[in-house]
Each structure stands twice: as structure tokens, then as C-alpha cells.
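A short worksheet on the structure shown next.
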Amino acid sequence: MFRLAVKSVKHNPKRLVLTAVAVALGVALAAATFTLTNALSGGFSKLFDEIYAGTDVIVEEAPDELGDSEDPFAATDAIFAHGDVDDVAAVDGVASAWGGRQVSGTVLAADFEPSNDVMAAGGAPSQIFNWAGDPRVDQATLIEGEGPASDDEIVLDVDAAPRLGYALGDTVSISTDIGVEEFTLVGLVRFGESNSLQGATLAYMTDARSAAINGDDGYDQISVIVEDGADASAVAEAIDEILPEGTRAITGEDKAAEQTAQFDEILQYIDIFAIAFALIALFVGAYIIVNTFRIIVTQRTREFGLLRAIGVSGRQLRTMILLEALVVAVVSATIGIVVGYLGALGLSVVVEALSGEIFGTVTLPIDAVVWGYVLGALVTIVAAIMPAIHASTISPMEALRESATESKKPLRLRNIVGGALTLLGVVAIVVGLYMGIEKPYIPVGAGAMILIIGVTLLAAQVLVPLAYALKAMLTRIFRVDGKLAANNIHREPRRSANTAAALMIGVMLLALVATFTESMKSLVTEQFQGNNADFFVFSAQGAIPEGALEVIEGEDGVAYVTSTGLGTVLLDGEATAVGVIDPDTAELAFDYNNEPDFDQMDGGAFIDPSMVDAGFEVGDELMLEGAEGTATLTVTGRYLNEGDAQVWVDEETGHALLGDYPIVQSMVVLDDGVDPEAAQDQLLDALAVDYPLLVLQSPGEFEQLANQFIDLLLGVISAMLGAALIIALLGVANTLLLSVTERTREIGLLRAVGVRRRSIRRMIRIESMVMAVFGTVLGMILGVGLGAALVRALEDFGFTTITVPWAWLALYTIAAAIAGVVAAWWPAHRAAKMDILEAIAFDG
Amino acid sequence: MTTTVTLAASMRGGTKDYGHGDAAVRALDGIDVDIATAEFTAIMGPSGSGKSTLLHTLAGLDRLTAGQSWIGETEISALSEDKITQVRRDKIGFVFQAFNLIPSLSAKENITLPLDISGRDIDPAWFDEIIGILGLGDRLTHLPAELSGGQQQRVAVARALVARPELIFADEPSGNLDSRSGAELLGFMRRAVKEFGQTIAMVTHDPTAASYSDRVLFLADGRIVDEMREPTADAVLDRMKQMGH
Ligand SMILES: Nc1ncnc2c1ncn2[C@@H]1O[C@H](COP(=O)(O)OP(=O)(O)OP(=O)(O)O)[C@@H](O)[C@H]1O
Ligand SMILES: [Mg+2]
């Protein structure tokens, strides 16, 4: 049987080519992601190894339940005093101990100009530390010049200096929390063995200067070198004994492994994300496979009948088809894996050319191979099961029939199943949205999947009347070509429906994302309607320095600046996000979605919907425990949007709980009658001196920026869906190509009675266009519907308006029609160039 | 009917209806028939008289509406689809009028297909003998599409013979061939019966083809209306004329 299966694939590989391409494309997507994330993991694990290479033991803040390490705005606290370093140095087996301190700041390029551009202010981060002068501690070796000896000296890594335009002796500017600081470049260092910094800038200054900038002479880390022959982990344990609460000692090796593991965990999410898209692509591909095998089974009905007549059992036939599917799967998965690997290799070269060395060696990871084959085989076999079962029911008598056509079984069963699934899907979505259950997205997501399959099944029934309804119109416009095209769609409703459905899924997802992002834009617009602020302040470095706010407040024409801070506290032992605002001014600048307004806070706390879900209500007492102190607050109101912060407090409480908390957003309100444009220039000029990386955006600019980000999101997701759409179009081409082969005799006959080649081509093009547009329209209806459902499900996050993305929908429809014509090009060409006599004599 | 000869196949009260209600057609109308072993039986009759239907139901390709049929001792009208498939595989060979071969397999692979399916070994001597007699030696590696119609039919006959089935059914095997190719094919089938004791039942329209057989059954309107032993082409033609063919 296996031999027969292989022979059959080999005998007519053309009809399986597009199927193989579809599978390969999906597999390639997965393989490329695995290869890239693997290389990225390799690159970073090398970086982590080098960071901790020389240091035997690291003493640092213990990762605690407050989850500080996960808070991107949390400053690294100076938790070790000079005495702690001495204590560690005195532990048995310790050769030397160094206090390490990181300075938050950005090394500015030599030709830096303040630009008030959020994008330009970003870029690769700077890592700035105090200089120990010991390569084992610094992880950097001086290779030119000298180390920083006096407080106005600095060293940079060898790649950053030329990149930023500095040579030894030049003045280097660094934007820090206390303003722009200037240094003289006295030396160049190499990080680790090969200065692979993944694009970051590395800088070292003296201990005293770093303490001055941070405003704190404590250390956030102690690096330990053990004596020769001492066991690092034993020393680490000994150090642990004497350490203050909340800190830990860990060996450099363990630390590197821990960081690599943490990074790999992040990469795993990328993998999952990419596999999701690969699965979508393969799901669409499955429709093509179903169609291909269905058509192949039809074409080979007589062959199968003959095999049945000479004694092949139905089961054997089924096995044979599945084996054929397996052969296709293995071949195309292999191609997909190779293409994916090569694609990843090419991409890594391009990326590294643009942003420096960030990947390790790009090798094909075993994950990529395993997932590639598993996904490819699974999808192909599952998709081939129905056609295989169909083949196994072919009676030997079919061998003796004159011509092979798909059995004209009524669509009743298909409709019942399809209707039931559609209903089930809708019910699941409605339940998810309106029953207020725990995790609404689970029933909504599952409902959507079921709905897709249900609609696919029903599409066969919809397509028939539709084709008939269109027949009159198509006949009027295109005459006999249009009539024949409508007949062809109508002739094999299942096949046409599956083809259209493949496209439907891709378009549905696009329309869904477009609906979602457009609604997000409406949300942004709405938020700005209740806005009274003249400018929003942004910092590319994360938190906004206090000093910068003082500069703004000190300018003429500024009425007040109101800021939002963020931190983490414990509530009943659980980490809880707390937002800090000034109740008196916050509500004046911005109309928050809360009940009542923030100015009614009255020294208490506001809670968000997640807290309400957890059982808290207005009037309750909250016991909050922060790094700096505790506070018991009465809940005085509710904040109605989920996802910003769970508990809101005023600035006094914020300081009491958190001490200095990072400010994540500030709004500037001008005096009445001040011209905002002139004021923006004035404020930026004032900031340029000490805080050149800060950005001031007017509400209009901010809204535009937010919309740009949303469009970027739409772009990225659309690009990821591109593979699915290409596969769907291959599906249209594939179905047409196989249908053309199947109709060879008929086309020959049409040509024989005088139909011109041009007409044949047009007939196929119309068929393709109708299927493509039909799939697109169905997809858009479903996509907008599901998108609206999703927006509704996320109401807690502030979504109020569902916006239908009409412009996108129009674009998709036009694109579908064009794509239909493109997909029909090859099949139409094939059909038109057929030799009349050969076509008529064509056998099966 | 004689009961002394062993029977390769037989049918009692064989009835076959197609369609329902007004569209119902009775293709076989209570047929009793015996196919003796080592005999070459021809089935003749006007178009639509039920010849193909008789052949198909005898061979277990199709089921009777009523009545019983046997292959050897096995009553196939009582068997499940799977069991019938097995009987076909082990005991029966087929030659159809057209589309006899799997397009993706070479001539040789087509011929050995029944053996491959049932996992039996090829008897090389027997294979060579068949190939030699049928004159297919230089065509074995060709695909069906590369063979002439006559060659394709000879490959089909070779395939039917190679597994030494108890019974071969052929439906107008020479229908698509010119008279010389047809005569060669029929001559070979007759030799298979005479020299190797093969049993063959063949449907044909052609009195000349029928004259190669030992016995001709005449069908009309789903019933057997006559039978002729040691037929000649002229006698068969006369009989057909009487039936208004
Ligand atoms: N699948 C079918 N469905 C309905 N009626 C059928 C079917 N197959 C055969 N018949 C009918 O049964 C009768 C006998 O057909 P059968 O094919 O056995 O005739 P035949 O003697 O082989 O004719 P021919 O010489 O033309 O091949 C005919 O009336 C035919 O129309
Ligand atoms: Mg017939």
C-alpha cells in the first residue's frame, strides 16, 4: 500500500504542489520563529555568561513578593551601605568585595539635538556603572587610554564610542535624572571577550560621581571574588548568613543561568505567539488540503473502484490516501523547515547589519524540526481524513461508470451540523459576553472557532442560492462566460464553500483586528474629549525626573503640572498595583472615568473593577503595606477602567507607602490665554538644558502618536496573517487548477463548439473572483461581528464605542477581487491553452 | 441442468431492481444460472437486457435485490462487504471493457497488483508464460498511458490470470479493439480455459467473440431465454436475429 501511495504521489505531483506549498508555508513560519528565538537565546545567554563570568558571588536584593524586578519603572534601590561591603569582605574565603551601582541615564551622541520626537528619544539603552578597575568585577577590560580616575572622567565601550561620534579626550554628555552631566572620555573598554552588548552602550564613571548622580551613596549590588581554591557556593552560603533581610548571595554561574532562564521564558511567549499564527496559517491550509484530497478522490474514483473490484478493502484504500497525505506532509514539512531556517538566517543577517550583533550562532534547533513535522503531519492527516473515509466508501461499481463526478449527496447533514455549530458558537460568544462569567475570553474564543467551522459548513448552502442569484447578473454582464462560471461554482457547492472559507478565515481575522484597533482609536479620541491638559510629558528612559517637573513648573504661563506615579504594595499579602495622583489637580486636567471624581478622594483610596470583582466595595478599609510604610485607607470611590492600577491614592499616601515612586505620566496645564504653541517651544527650550530627552506632546500630537502605535499593531498582526492569506489565495488557485483538470473534456468540448480561448480564461477568472469576494464578504461580516463582541467583552478596560472600519473593509473587498483575478491567472492560462483534441480524448 | 460438473459460480432466483417507484427498472428478473468450472461461458443479449448486471452480481461487485448467488461453495449474497471483498481478492479476476489499469503503475506492477494486495508471491514461471503468450515482454515498464488499447486489454487479461483465480469475469473485453487484436485476445482466453483449466464468464455483443466460448447464454429483459453449446458465429448470429437484435 505504501508503495502504491508513493507511486501515486509521484505519478501526478502537480496536483499536490500547491497543497505542499501551503503546508510548507505554515511550517516555515514556525521553524523560522524557533530558529530566531533560539539564536536570540544563544546570543543573550552568552551575554549573561560574560556579565557574570569573572564574579564568583553576587550579593543583591532578593527577588521578593513585591515583584519589584517585574516593575519596569522600579528604580534599583541602593540597599547596601558601605559597611555591608566591608562585612562581606570579612567573610571567610572572600578575596575582595566591591559595591556596584548603576546610574540611570542615557549617553547622548556627539551630534545630539533635542527633537521632541518620542521615537528618536528611544534607541538602544545605556548601561552606566561605577568603575572598580578590576576586570573580574567590571566584566570589562581597558584596551585604550585609562580608567576614570577623577570624577569628571568616563570610559565607554569600544563600539559605542565611534557609533556615538566620540574619540579619546572628547566631552561626553549623559542625560541623567539630575540633568545633563558632562565628562571627558579617557578610555575605551571591551566588554567580556568580544564586546557583544546586543547594541547597548556601556559606560563607567568614578564611584563618587555615580553616587552624586544617584543622590545616594549606597550600592545595589556587591560583587565578590573568592580566594583561590575556595568554593564559590560555600562562600555564597556563608555570606547569606550575615546579610540583611531581603538580600541574597548567589554564585555568578547560577545568576547567569537564572537570567538566561528568565530570558528564555520571555522568548517562549514569542514562540507561542508565532505558533498561534503558524496554526492559523495551517488551519487555513487544512481547507486546501481537504479540497485537494476531495478532488483527487473524485478524479480517481474509477481507479479506486477498480482497486476495490480486484479485492482491495475499503480500509486499505483509506490507509492508502492517508499514506499519500503523510508523504505530502513529510515532503512539505521538510521544505518548510529548510525554508524557515534559511529565512531566519537571512533575517538575522539583515537585523544584525542594522542593529549590531544580537544573535548567537543561527543553528536549526531541534524544536523547529519536531514542531515542523508534528504540525505538518497533523494538519495534513487530519484534513485528509474526511476525503479518505469518502474514498473508502467508493463501491467497486464506480469503476464502471462513465465519468467521475463528486457524489451528489444532499447537503442536509452538512447543513444540520453546520447550523448546530453556528448556533453553538453564537451561544458561547453571547454567554461569554453577557453572563458576566470569570474569564469571558475563553467562551468567546472557543465560540469563535466553532462559529467559523459552522459557517464554513453552512457556506455550501449559502453559496448555491448566491451563485444562482448572481447567475442572472453575471450572465447579463459577461454573457455565456458569466453563466458558465456561475454554474461551475454551483456545481460543487462543498468545494466552492471550502475554498471561499479558507479566505474567509484570513479576512475574518483581519477584519476582527481592524475593528478592534479602530475601536481602540475611538477610545483614545474619547479620552481626549474630557481633557484639559495642554501637554503630556514623556520620558524615553522610563520615569520622569522630579527635576524636570520643577523646570516646567518654574516657567511663566504654566498654571500647574499634575503627575501620575506607579508602585506596588501588598494587600492581604498579594502584590497590588497602586497609582498615585494629586486629587486636586488630576481631575482638572483630565476627565477620569471614575465615580465620584478624584477630588472626592478625601485621603482614602479608589478601587478599580478587578478589586470590585475581588469583593471590595466603597466604605471598606484597605490595609496597604509598601516598601516605606503601611497605611489603612477607607475606599472612597471607584475607578472604572481596568488595567491602569488597582488602587488609587493621593500623593501624601503614596509617599508614605512607597517613598520616592516613579512618575510615569505628567500633564501640563497652562494659564488662560497662553498660546500653546509658543509655550511648547518655550518649555522645550527650558528642558533642553538639563533634560533633552524629555518629550512634550500636545493632546493632538499625543492622540496622533497613540493612533500611530495602534496602526503599527494592526500592521504587525496583518503581516503575521499574511501567510494565512497567501495560503488562502493558493487555495483558490489550487481548487481552480484541479477543477480545470477535472473539466478538461468539458473545456475541450466548449472549445470545439467555438468558444474562444479568451472566453475560457474569463470564465475561470469570474469564477475565481466570485469565490474570493464571497469569502471576503463572509469573513468581514464574521470579523466585524467578532471584533464587536471582543470590544464588548473588554468593556471593563474602557471600551465604549464599537467602530466599524469601513475604509479597511472597502480596501479588503477590492483587494479580494484583484487577488481573485491573480489567483485565476495560472488556472485560466492552463485551461485556455488546452489542445482541443487532446482535451476531448482526455481520460479521467 | 446437469449437476455432475463442479460449479464455479451459480445463482438462484437472482433479481435486481434499480431505482424506486415509477423510475424502477428490473434489470434481472429471477435468474437461475450455473457457471461450470474450466468452461468458457459467453453471455449475450440485446442492449439493456441485463448482461452487465448479471456479471456484476455474480462477481459480488453489486448486490442482488432478491435471490442467492454462490462463488464455488460460498454464498456471497449472504456475506458482508468485507468478506465479499476478500472473496473477490482471492478467487476472482476481472477484465473490463475500458479503464482496467491504475494509471500510476507500470504494466508489470498492474499485472502483479492482485498478488501484491493479498501478499502472495509471484510464480515467475507462470508470470513469464503469461507475458510470453500475450506478447507483452517489451512493454512491462510502460505506464498504461503509453500502451495501445489492445495492449492495455492484454495487460488486464494478464492481471486477471496471474493470481490463478477460480473464475474470471470479462465484460466486453474486446469491445474496444479492432478485429485482429480482438481475435488474439479471445484466442488467448480460450487457450487459458483449454490448457490451464481456467474458468471464464464473458459478456459480449459480438457473435464472433461468442464463438470462442463453450457455451452461450442468451438474455432478454432480465431473463435467460436460451442456451447454446459449442456455438459457431453463424449459429449465434441466427439466434440473435430471432431475438430481434
Ligand atoms: N445503476 C443503474 N441505475 C439504474 N438503472 C440501471 C443501472 N444500471 C443498469 N440499469 C438498467 O438495468 C438494465 C440492465 O442494464 P445492463 O447494464 O445490465 O444492460 P446490458 O445488457 O449490459 O446492456 P449493454 O449491452 O448496453 O451494456 C437497463 O435497463 C439499465 O438501464
Ligand atoms: Mg453492459
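So the sequence lines, in the order shown, correspond to chains A and U.
Counting in the numbering used here, the first sequence runs from 1 upward without gaps.
Counting in the numbering used here, the second sequence runs from 1001 upward without gaps.
Virtual Cβ for every residue (Gly too), placed ideally from N, Cα, C.
Since the structure is predicted, the reported quantities are computational estimates derived from the model, not experimental observations.
query	result
Neighbour-count burial assignment, A:Ile272, 16 or more Cβ in a 10 Å radius	exposed
Close-in-space but distant-in-sequence residues of the same chain around A:Arg758 (CB under 8 angstroms, 5 per side omitted)	Ala832
Where U:Phe1127 sits in the DSSP three-state scheme	helix
Contact the region 362–379 of chain A vs the region 329–349 of chain A: 3+ CB pairs below 8 angstroms	yes
Rounded distance between the beta-carbons of U:Phe1040 and U:Asp1214, thought under 8 angstroms	5 angstroms
When A:Gly715, A:Leu307 and A:Pro365 are compared against A:Ala30, the one with the closest alpha-carbon	A:Pro365
Inter-residue spacing [alpha-carbon to alpha-carbon] between A:Val91 and A:Ala238	7 angstroms
Backbone CA spacing between A:Gly67 and A:Asp56 [nearest angstrom]	In this predicted model, A:Gly67 has a pLDDT of only 44, less than 50, meaning its place in the structure is not dependable; the value taken from the coordinates is given anyway. Each residue's Cα considered, the two are about 26 angstroms apart.
Option in U:Asp1062, U:Arg1139, U:Glu1109 and U:Ala1145 with minimal Cα separation from U:Ile1084	U:Asp1062
Neighbour list for U:His1056 in chain A, Cβ cutoff strictly below 7 angstroms	Met397
Chain-order list of residues whose beta-carbon lies under 6 angstroms from that of A:Asp597 (same chain, five-residue window excluded)	Glu587
Residues of its chain near A:Gly133, where Cβ-Cβ distance is below 6 angstroms and the 5 sequence neighbours each way are ignored	Gly147
Cβ-based neighbour list, U:Met1202, same chain, cut-off 6 angstroms, excluding 5 preceding and 5 following	Ala1042 and Ala1170
beta-carbon U:Ala1027 near ligand 1 non-hydrogen atom, thresh 7 angstroms	yes
is_contact[A:His11, chain U] using C-beta, thresh 8 angstroms	yes
Nearest residue (CA-CA) to A:Met834, options A:Ile280, A:Thr741 and A:Ser522	A:Thr741
Within 9 angstroms of chain A by C-beta, residues of the region 1113–1141 of chain U in sequence order	Leu1113, Pro1114, Asp1116, Ile1117 and Ser1118
Under 7 angstroms from the C-beta of U:Leu1061: neighbouring residues of chain A	Ala309, Pro396 and Met397
Short CB-CB distance (under 8 angstroms) between A:Glu742 and chain U	no
Cβ pair count under 8 angstroms reaching 3, the region 803–816 of chain A against the region 530–539 of chain A	no
Outcome for A:Arg318 when other beta-carbon atoms lying within 10 angstroms are tallied against a minimum of 16	buried
Segments assigned alpha helix (DSSP H), at least 4 residues, entirely inside the region 312–358 of chain A	314–355
A:Gly715 Cβ short of 7 angstroms to ligand 1 heavy atom set	no
Inter-residue Cα distance where the pair is A:Asp84 and A:Ala368	48 angstroms
Contact set between the region 30–54 of chain A and chain U, restricted to residues whose Cβ is under 9 angstroms from the partner	none
Chain-order list of residues whose beta-carbon lies under 8 angstroms from that of U:Ile1133 (same chain, five-residue window excluded)	Phe1188 and Arg1191
Any non-hydrogen atom of ligand 1 closer than 7 angstroms to A:Phe287 Cβ	The sequence shown places Tyr at residue 287 of chain A, not Phe. Checking every heavy atom of ligand 1 against the Cβ of A:Tyr287, none is found closer than 7 angstroms.
DSSP state of U:Gln1097 mapped onto helix, strand, coil	coil
Residue nearest to A:Ala140 in terms of C-alpha spacing, selected from A:Thr564, A:Ile128 and A:Leu729	A:Ile128
Distance cut-off 7 angstroms: U:Ser1106 Cβ against heavy atoms of ligand 1	no
Residues of the region 471–492 of chain A whose Cβ lies closer than 9 angstroms to any Cβ of chain U, in chain order	none
Buried versus exposed call for A:Leu786 [16 or more other C-beta atoms within 10 Å across all chains shown]	buried
Cβ shell of A:Ser610 (< 7 angstroms), same chain only, five flanking positions each side left out	Glu642 and Gln646
U:Thr1053 beta carbon near ligand 1 (any heavy atom closer than 7 angstroms)	yes
Any C-beta of chain A under 8 angstroms from that of U:Thr1053	no
Any C-beta of chain A under 8 angstroms from that of U:Ser1179	no
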